[in-house]
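A quick write-up on the structure given underneath.
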Amino acid sequence: MDKLKRAQTEALFRDVNERIAESAERFDADVAEFVCECADPNCTHRIRTSLEHYDEVRGEATHFLLIPGHEDPEIERVVERHGRHAVVEKFERIVARTVRRLDPRTV
Ligand SMILES: [Zn+2]
-8 MDKLKRAQTE
2 ALFRDVNERI
12 AESAERFDAD
22 VAEFVCECAD
32 PNCTHRIRTS
42 LEHYDEVRGE
52 ATHFLLIPGH
62 EDPEIERVVE
72 RHGRHAVVEK
82 FERIVARTVR
92 RLDPRTV
């Protein structure tokens, strides 16, 4: 799979999570079940975490939430480990540029 495609898949999962966060906020929830933001379009893993932590991750356009082991070492590195999930940073140039361009919080 090419890098652009992987970046677009991850950005799509991020959009899904933005909607999950919005609806959780509407219901005054502190935690929510997010989807894994890895590059596998068929991944159905869920990540349960606080909205506060989710917002922290979203503060960086190149940071994504995923299940440990789902990271793709060609395009991203783990920057935080939290037991059942990890936070990765996209370092690959094309991928980082694409996820920045598609960042729903900066448009
Ligand atoms: Zn995954």
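Residue numbers (our numbering): -8 to 98.
Heads up, the beta-carbon is just placed ideally off N, CA and C, and yes, glycines get one too.
None of these values were measured; they are calculated from a predicted model.
Between the stretch 71 to 89 and the stretch 11 to 20 there are fewer than three C-beta pairs closer than 8 Å, too few to call the two in contact. For the 8 Å CB-CB criterion, residue 2 and residue 90 form a contact. Judged by DSSP in its simplified three-state form, residue 40 adopts strand.
Not one heavy atom of ligand 1 sits closer than 7 Å to the Cβ of residue 6. Straight across, the Cα-Cα distance linking residue 64 with residue 35 is about 20 Å. Residue pairing by DSSP places residue 81 opposite 67 in a beta bridge. Cβ neighbours of residue 45 within its own chain (closer than 8 Å, five residues either side excluded): 8, 12, 23, 25, 56. Residue 62 sits away from residue 81, with the two beta carbons spaced by 8 Å or more. Under the DSSP assignment, residue 30 falls outside any beta strand (DSSP E); it carries neither an H nor an E label.
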